[in-house]
Amino acid sequence: MSKEITSRSENYSQWYLDIVKKAGLAENSAVRGCMVIKPLGFAIWEKIHDYLDAEFKRTGHVNAYFPLLIPKSFLSREADHVEGFAKECAVVTHHRLMNAPDGNGVVVDPSARLEEELIIRPTSETIIWDTYSDWIQSYRDLPLLINQWANVLRWEMRTRPFLRTAEFLWQEGHTAHATEGEAIEEARKIHDIYADFVQDIMAIPVVKGAKSENERFAGAIDTFTIEAMMQDKKALQAGTSHFLGQNFAKAFDVKFLNEQNKEELVWATSWGVSTRLIGALIMTHSDDSGLVLPPKMAPTQVVIVPIPKPNEEILSVAEEIEHTLIEKGVSVKIDRDKKKRPGFKFAEYEMKGVPVRIGIGKRDLEKGVVEIARRDTKEKQLIPLEEVCDFIPKLLEDIQGNLFDRAVKFREDNTYYVDNWGEFEAIMKGEGGFVYAHWDGTSETENAIKEKTKATIRCIPLDQKSEPGQCILTGRASAGRVLFAKAY
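Here the numbering used here runs 656 ahead of the position in the sequence shown, where the first position is 1.
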C-alpha cells in the first residue's frame, strides 16, 4: 500500500492528497470544493469534538444552534466584517424550483425571488449578535457563554481536503461580557485551551501569539493564534480566539443595564477551530507509509491481528487481552476477517495510522509471547503474554511523547533568528521555515515582505522579549522579533 503514496521529498502536496485518499479519511464530492468525510476522518473529528466540548463545558460554556442562513443586510452592519467575508459568500436568491418548460429537468422559478437575499453563513457573528440583542437586557444576563458546533461555507477557488474546502465543520464560540477585562480574559482562556489541546492531545507543538493588524479576523480588535509547523516547513494556523471589543454590540445595538442602572454596550469574543486540524495532524506526524496518529487522537489505539487466521485458541487469547485493555481505558479492535492475509492487514493498519499492532500466532503462543509493533518508529518486539496488558498503556504514552518530541525537534531544526534581509530572503526562497525577525510595525512593510517572499507574519509571540533592533526590510526601529513563515 505504501508504494501507492508519493514520497514527501518528491511531491509534498501529492503525498498529502495520497494519504487522505488511501487512509480513507475523505474524498472529493460531486460539489466542487466540498468533501465527503469518511468514517475514519469523521472519527478523528469526533475525538476533537469530544475533548473540546468537555473543556468548553468545564469552563462554563453551553451549546446552542443558530440558523445556516443570514439576511444579507446583517453583514452590512459591521463594515470590517463584511469587507473580510464579502468575496467568500454564497448567496441564496430564490426559494423555489419549477419544471423546465421544455420538460428537461428543473429550473429556478423566476417568480420565487426572495425580497432579501440570504447568505449561507461564512461565520455566525452577525446572526448571533442580532439574537443577543433580545437575550441581553441586564448585567444579570452576563456573561453569556455560547458555543455552536456547525458547518460553514466560504467560497474557495483552490481547495484541498481538510485544509481549505468551501464547506467545513467547526465550532464557533460567541460570548458577551460586562467589561473589557472580562472579554479579554475569555479570549485568552480559550487561546490557552486550544494550545493545550493541540500540544497535549494532538502532539503538535505550537507558538502562541497575537496576529498583526493585517492578519486579524475581520471585525476583531485582537486575534490570538496558535501556529504550528508542518513537515514542509510551512506554518498552519491551528486555532484562533478573537477579542471583538464592542464592534458587534454597536452594530446590533446590544446594550445592558449595569448595577448602577446605567446603559452600556457589552464586550464580545468569538473563537473557533475546524476540520483543518485533521490536516494539521496528517502533515505533522505522517510518513511515506501512510497516516500516523498520536494515541490520544486515534479512534483505534490497538489492533490485534491473529496469524495466520483467527481460530478459537488465538481468538480466546485476543479477547482476554482486549477485555483487560478496555478496562484500562484503551480502545482495541480484534481483526476477525478470514479473507485477508496478515501481510495485507499489517499494511492496511499501518496506512490508517493505528498506533500499536499486536500479532498473535500459534508458534508465538507456544513460546508464551506476542509480537508488538509500534507505528511511529515501526519497531517490533516480542513481549511475554502475561506482561502485554501492563506494557501497552506505557507504550501508548511513549508513542504520544515521542511524536511530540519529534515534532518539536523538527521545528527547532528549522527555526532561524535573522537580522538582515539577504538571509531572510534566502531562507524564504529556499526550503523555508520559521524565522524570527524584526519588523517596523507598519502594514506597508508587512505587505512588501509578503509580496517579495510570500512570507507573512504568523504572529507576534506572547512571550516576545523586549529586544530592540532594526526592521529587516526598512532598517527602522523595532521593539522585538515577530514570527514569519510561508503558510497554508
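By construction, the Cβ of each residue, glycine as well, lies at the ideal position given by its N, Cα and C atoms.
Review point. What are the start and end residues of the beta strand (DSSP E) that includes Leu-825?
Key: By one-based count along the sequence shown, residue 825 stands at place 169. Where Leu-825 is concerned, the enclosing beta strand (DSSP E) stretches over 823-833.
Practice item. With a threshold of 16 other CB atoms inside 10 Å of the CB of Asp-790, please say whether the residue is buried or exposed. Key: One-based indexing of the sequence shown puts residue 790 at position 134. Burial call: exposed.
**Study point:** Uninterrupted beta strand (DSSP E) stretches inside the region 880-945 (no shorter than 3 residues)
**Key:** 891-901, 911-913, 919-921, 923-930
Practice item. May I have a chain-ordered list of the beta strand (DSSP E) segments no shorter than 3 residues that lie completely inside the region 977-1057? Key: 988-990, 1012-1017, 1025-1030, 1036-1040
Review point. Pick from Leu-825, Lys-994, Gly-1015, Asp-709: whose alpha carbon is nearest that of Met-691?
Key: Here residue 691 corresponds to residue number 35 of the sequence shown, with the count starting at 1. The shortest C-alpha separation from Met-691 is found at Leu-825.
Practice item. Locate the alpha helix (DSSP H) running through Gln-697, then write down its first and last residues. Key: Counting from one through the sequence shown, the residue named residue 697 turns up at place 41. Per the sequence presented here, residue 697 reads as Gly, with Gln not at that position. Unbroken alpha helix (DSSP H) run through Gly-697: 695-714.
Exercise for review: Determine the burial state of Glu-1068: buried for a count of at least 16 other Cβ atoms within 10 Å of its Cβ, exposed for fewer.
Suggested key: Mapped onto the sequence shown, residue 1068 falls at position 412. Exposed.
Review point. The beta strand (DSSP E) with Arg-769 in it runs from where to where?
Key: For this step, residue 769 is matched to residue 113 along the sequence shown. Looking at the DSSP string, the run of the beta strand (DSSP E) that includes Arg-769 is 769-776.
Exercise for review: Over the uninterrupted beta strand (DSSP E) stretch that includes Trp-805, give me the two end residues.
Suggested key: The sequence position of residue 805 within the sequence shown is 149, counting from 1. Taken as a continuous stretch (DSSP letters only), the beta strand (DSSP E) holding Trp-805 covers 800-809.
Check your understanding: Within this structure, are the beta carbons of Ile-783 and Phe-730 separated by less than 8 Å?
Key -> For this step, residue 783 is matched to residue 127 along the sequence shown. For this step, residue 730 is matched to residue 74 along the sequence shown. For Ile-783 and Phe-730, yes; Cβs fall inside 8 Å.
Check your understanding: Given Gly-935, which residues of its chain have a CB within under 6 Å of its CB, disregarding the five upstream and five downstream residues?
Key -> One-based indexing of the sequence shown puts residue 935 at position 279. The residues are Phe-818, Leu-819.
Review point. Using the rule of at least 16 other Cβ atoms within 10 Å of the residue's Cβ for burial, across every protein chain shown, is Asn-903 buried or exposed?
Key: For the purposes of this step, residue 903 is taken as residue 247 along the sequence shown, with counting starting at 1. Answer is buried; the Cβ neighbour count reaches 16.
**Study point:** When Val-854, Asp-991, Glu-666 are compared against Pro-950, the one with the closest alpha-carbon
**Key:** As a position in the sequence shown, residue 950 is number 294, starting the count at 1. Taking only the C-alpha atoms, the option nearest Pro-950 is Val-854.
Check your understanding: Thr-1033 to Ile-1055, Cα distance in whole Å?
Key -> The residue labelled residue 1033 in the question sits at position 377 within the sequence shown. The residue labelled residue 1055 in the question sits at position 399 within the sequence shown. Taking the straight line from one Cα to the other gives about 9 Å.
Review point. Taking Glu-606 as the reference, which of Ala-822, Arg-733, Lys-713 has the closest Cα?
Key: Only positions 657 to 1144 of the chain appear in the structure, and residue 606 is not among them; the question remains open.
Practice item. Please list, in chain order, all residues of the same chain as Lys-911 whose beta carbon is under 6 Å from its beta carbon, the five residues on each side excluded. Key: Indexing the sequence shown from 1 puts residue 911 at position 255. The answer, listed in chain order, is Glu-919, Leu-921.
Review point. What number of angstroms, rounded off, separates the C-alpha of His-737 from the C-alpha of Glu-711?
Key: In the sequence shown, residue 737 corresponds to position 81, counting from 1. In the sequence shown, residue 711 corresponds to position 55, counting from 1. Cα to Cα, His-737 sits roughly 28 Å from Glu-711.
Point to revise | Span of the beta strand (DSSP E) around Leu-725 | key: On the sequence shown, position 69 is the one that residue 725 refers to. 725-727 is the extent of the beta strand (DSSP E) around Leu-725.
**Study point:** Proximity winner among Ile-963, Met-885, Asp-1075, Glu-983, relative to Arg-1114 (alpha-carbon distances)
**Key:** Along the sequence shown, read from residue 1 onward, the residue named residue 1114 stands at position 458. Comparing Cα-Cα distances from Arg-1114 to each of Ile-963, Met-885, Asp-1075, Glu-983, the minimum goes to Met-885.
Exercise for review: Compare the C-alpha of Asp-1119 against each of Thr-749, Arg-1132, Glu-1102, Leu-1139 and name the closest.
Suggested key: Taking the sequence shown and counting its residues from 1, the one referred to as residue 1119 is at position 463. Checked all of Thr-749, Arg-1132, Glu-1102, Leu-1139; the closest Cα to Asp-1119 is Leu-1139.
Review point. Under a three-way DSSP split, which group does Phe-853 fall into?
Key: In the sequence shown, counting from the first residue as 1, residue 853 sits at position 197. Looking at Phe-853 - three-state DSSP - the assignment turns out to be helix.
Practice item. Pick out whichever of Gly-1017, Thr-835, Met-953 has its Cα sitting closest to the Cα of Asp-706. Key: To locate residue 706, count along the sequence shown from 1; it is residue 50. Of the listed residues, the one whose Cα sits closest to Asp-706 is Met-953.
**Study point:** Length of the line joining the Cα atoms of Phe-722 and Gly-716
**Key:** Numbered from 1 along the sequence shown, position 66 holds the residue referred to as residue 722. Numbered from 1 along the sequence shown, position 60 holds the residue referred to as residue 716. Answer to the nearest angstrom: the Cα atoms are 19 Å apart.
Review point. Hey, Ala-1143 and Asp-1096: beta-carbon distance below 8 Å or not?
Key: Walking along the sequence shown from the start, residue 1143 turns up at place 487. Walking along the sequence shown from the start, residue 1096 turns up at place 440. Cβ distance not < 8 Å, so Ala-1143 and Asp-1096 don't count as in contact.
Exercise for review: Helix, strand or coil for Leu-753, going by three-state DSSP, please let me know.
Suggested key: Counting from 1 along the sequence shown, the entry for residue 753 is found at position 97. Three-state result, Leu-753: strand.
Review point. With burial defined as no fewer than 16 other Cβ atoms inside 10 Å of the residue's Cβ, what is the status of His-750: buried or exposed?
Key: In the sequence shown, residue 750 corresponds to position 94, counting from 1. Looking at its Cβ environment, which holds fewer than 16 other Cβ atoms inside 10 Å, His-750 is exposed.
Exercise for review: Would you give the residue range spanned by the alpha helix (DSSP H) that Phe-741 belongs to?
Suggested key: As a first step, residue 741 must be located in the sequence shown, where it is residue number 85. Run containing Phe-741: 735-741, per the alpha helix (DSSP H) assignment.
Check your understanding: Is Val-948 helix, strand or coil by DSSP?
Key -> On the sequence shown, position 292 is the one that residue 948 refers to. Of the three classes helix, strand and coil, the one that applies to Val-948 here is coil, per DSSP.
Exercise for review: Taking all protein chains shown into account, decide if His-898 is buried (16 or more other Cβ within 10 angstroms of its Cβ) or exposed.
Suggested key: Working through the sequence shown from its first residue, we reach residue 898 at position 242. His-898 is buried by the Cβ-count criterion.
**Study point:** Contiguous beta strand (DSSP E) assignments of at least 3 residues, all confined to the region 1054-1109
**Key:** 1071-1073, 1090-1094
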